[in-house]
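Protein chains in written order, with the working numbering: chain A, 1 to 251; chain B, 1001 to 1247.
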Ligand SMILES: Nc1ncnc2c1ncn2[C@@H]1O[C@H](COP(=O)(O)OP(=O)(O)O)[C@@H](O)[C@H]1O
Ligand SMILES: [Mg+2]
């Protein structure tokens, strides 16, 4: 479980997150949705501590994460995996080296044990033949899959994904969405995904939080989202033709 | 003025982070070796080329300027040596390395910043500043002094070469000049300067990259800033060190 309590975050006098309180459950795919620029990335980065919040608190299960110092956070970070919007693989390292890095830094495993784990993770994301490739040699979907492999290599209990299918074609998007959703179930992870893709919402959204201009505007499940009568949410949801049709069909 | 003080504060904090205890020594050793090659070995060619040409040019200039029956010819070799050791091999080579290595470091780290690679390291629990910057500082502080010594040798060799090729002076006298009044302390002084220059080039450039934000334009600006600021700091540092070490 991950919880934000009255989180406020400003940059140079401009408030980006305005008093957000929300809870994300374990073993389910939690989605943060909202228009581009609404503050999704800032919220996600505040949750993992890449931004320090101005006010409020972040909890990882029972631990108040936002009050911990660098060293104490480091202990929790072993349990955290994150997939960045652009993948954020280290350019100077191969796919296998990227995935292996957390093992190199934080475990005392032998080289064979580490490679075994790397192979397992790369297989899990269907990236068996890319060990020796550099990030610049990968397609968009492969980058995302390598990033997922790196995020899960330490067996995380918390998984954060910033727009995991931005820049991907619809088919690959679904593959990535399902992959994240499956992994969440398989390992009982607390997964939080940022997205503006209604496809993902209808496909894998279990809990959905709608952010509007830095406010938590609405939260609920994908069954409710089509019938809220909330103007801002409807504008967002029905900007996609697919959602429009889904609503018609349900009438 | 305020922004300079603010930057100084940010720089100091970053250096504190850089010099906090490393994660794992073995990983650091590997990265230091890698950076020695990337930042040090790969600069040998450039250093050799400029040193040999400047060595030739200085000898030619000296030969032309000091052309007088009252000045012994070996003074040309002596003057070339002094120029190469005291200023060229450390200060000028450092300025050129600031251009090559400084911009390289700033753009590499800056790109890592804007593509969230630094965030990715932080989320893993890695001290990104130490992981990325410390190996570069250690590598350059260790390697650049050798580049300075290398530059001295190549420079005076260039002078000798030009003396032989053009016949503008007697090569034997040139050699006598090289040996004339030679104190090892001059080399130590130059090497000491280079240690400081290496530290400033690397740390300032890394600082510029580490706090880059925005897009590729900003990375370009960060890398320009890295070269300009480290060059200015090298010049100031040169004066201070000369005052401290030579008087
Ligand atoms: N590091 C930062 N400094 C200043 N402003 C920022 C920073 N990061 C994000 N912002 C601002 O916060 C707002 C929300 O951004 P973001 O969370 O990235 O939106 P999105 O929902 O598209 O992910 C934007 O207006 C952006 O300009
Ligand atoms: Mg975003």
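Quick reminder that beta carbons are idealized off the backbone N, C-alpha and C, glycines included.
- Set against 8 Å, the gap from the CB of residue 197 of chain A to the closest heavy atom of ligand 2 is not smaller.
- Interface criterion met: the Cβ of residue 1122 of chain B is under 9 Å from a Cβ in chain A.
- Any heavy atom of ligand 1 counts here; residues with a Cβ closer than 6 Å to one of them, in chain order, are A/11, A/16, A/34, A/36, A/37, A/38, A/39, A/40, A/41 and A/42.
- In this structure, residue 171 of chain A has its CB at a distance of at least 8 Å from all heavy atoms of ligand 2.
- Note: residue 64 of chain A is bridge-paired with A/59 in the DSSP secondary-structure output.
- Looking from the CA of residue 156 of chain A, the closest CA among A/6, A/3, A/60 and A/50 belongs to A/60.
- Here residue 190 of chain A is bridged, per DSSP, to A/158.
- Using beta-carbon distances, residue 1126 of chain B counts as an interface residue toward chain A, with a partner under 9 Å.
- In this chain, the alpha helix (DSSP H) harbouring residue 1111 of chain B covers 1103 to 1114.
- Listed in chain order, the non-local C-beta contacts of residue 1010 of chain B below 8 Å within the same chain comprise 1207 and 1211, local neighbours out to five positions each way being set aside.
- Note: residue 82 of chain A is bridge-paired with A/160 in the DSSP secondary-structure output.
- DSSP assignment within the segment 203 to 234 of chain A yields the following whole beta strand (DSSP E) runs of 3 residues or more, N-terminal first: 207 to 212 and 215 to 220.
- Less than 9 Å separates the beta-carbon of residue 96 of chain A from that of residue 132 of chain A.
- Residue 177 of chain A sits buried, since 16 or more C-beta atoms from the chains shown fall within 10 Å of its C-beta.
- Remark: fewer than three beta-carbon pairs, one from each stretch, lie closer than 8 Å, so the segment 1054 to 1069 of chain B and the segment 1017 to 1036 of chain B are not flagged as touching.
- Excluding sequence positions up to five before and after residue 43 of chain A, its CB lies within less than 7 Å of the CB of 17, 20, 32 and 211, all in the same chain and listed in chain order.
- Neighbours of residue 65 of chain A in chain B, taken as residues at a C-beta separation under 8 Å, are lacking, since the least C-beta distance is about 13 Å.
- Secondary structure note for residue 137 of chain A: it is in no alpha helix (DSSP H), with a DSSP letter that is neither H nor E.
- Bounds of the alpha helix (DSSP H) holding residue 1176 of chain B are 1171 to 1179.
- Shortest gap from the CB of residue 28 of chain A to any heavy atom of ligand 2: 8 Å or more.
- The Cβ atoms of residue 1194 of chain B and residue 1093 of chain B sit closer than 9 Å to each other.
- With a threshold of 8 Å, the Cβ atom of residue 165 of chain A does not count as near ligand 2, since no heavy atom of the ligand is closer than that.
- Taking C-beta separations shorter than 6 Å and ignoring five residues to either side along the sequence, the partners of residue 1140 of chain B in its chain run 1039, 1198 and 1202, following chain order.
- When secondary structure is reduced to three states using DSSP, residue 1070 of chain B falls in the coil class, being assigned neither helix nor strand.
- For the segment 1015 to 1049 of chain B, residues whose beta-carbon sits nearer than 7 Å to a beta-carbon of chain A comprise 1023, 1024 and 1027.
- Taking 7 Å as the cut-off between beta carbons, the residues of the segment 73 to 84 of chain A near chain B are 74, 77, 78, 80, 82 and 84, in sequence order.
- DSSP, read as helix, strand or coil, puts residue 10 of chain A in strand.
- Measuring C-alpha to C-alpha distances from residue 66 of chain A to each of A/128, A/171 and A/5 identifies A/5 as the nearest.
- By the Cβ test, the segment 1139 to 1157 of chain B is not in contact with the segment 1209 to 1229 of chain B, since fewer than three Cβ pairs between them sit closer than 8 Å.
- Judged by pairs of C-beta atoms under 8 Å, the segment 192 to 203 of chain A touches the segment 163 to 170 of chain A, as three or more such pairs exist.
- DSSP, read as helix, strand or coil, puts residue 108 of chain A in coil.
- Look at the segment 102 to 123 of chain A: the residues with a C-beta under 8 Å from a C-beta of chain B are 102, 104, 105 and 106.
- Linking residue 1191 of chain B to residue 1184 of chain B through their CA atoms gives a straight-line distance of about 11 Å.
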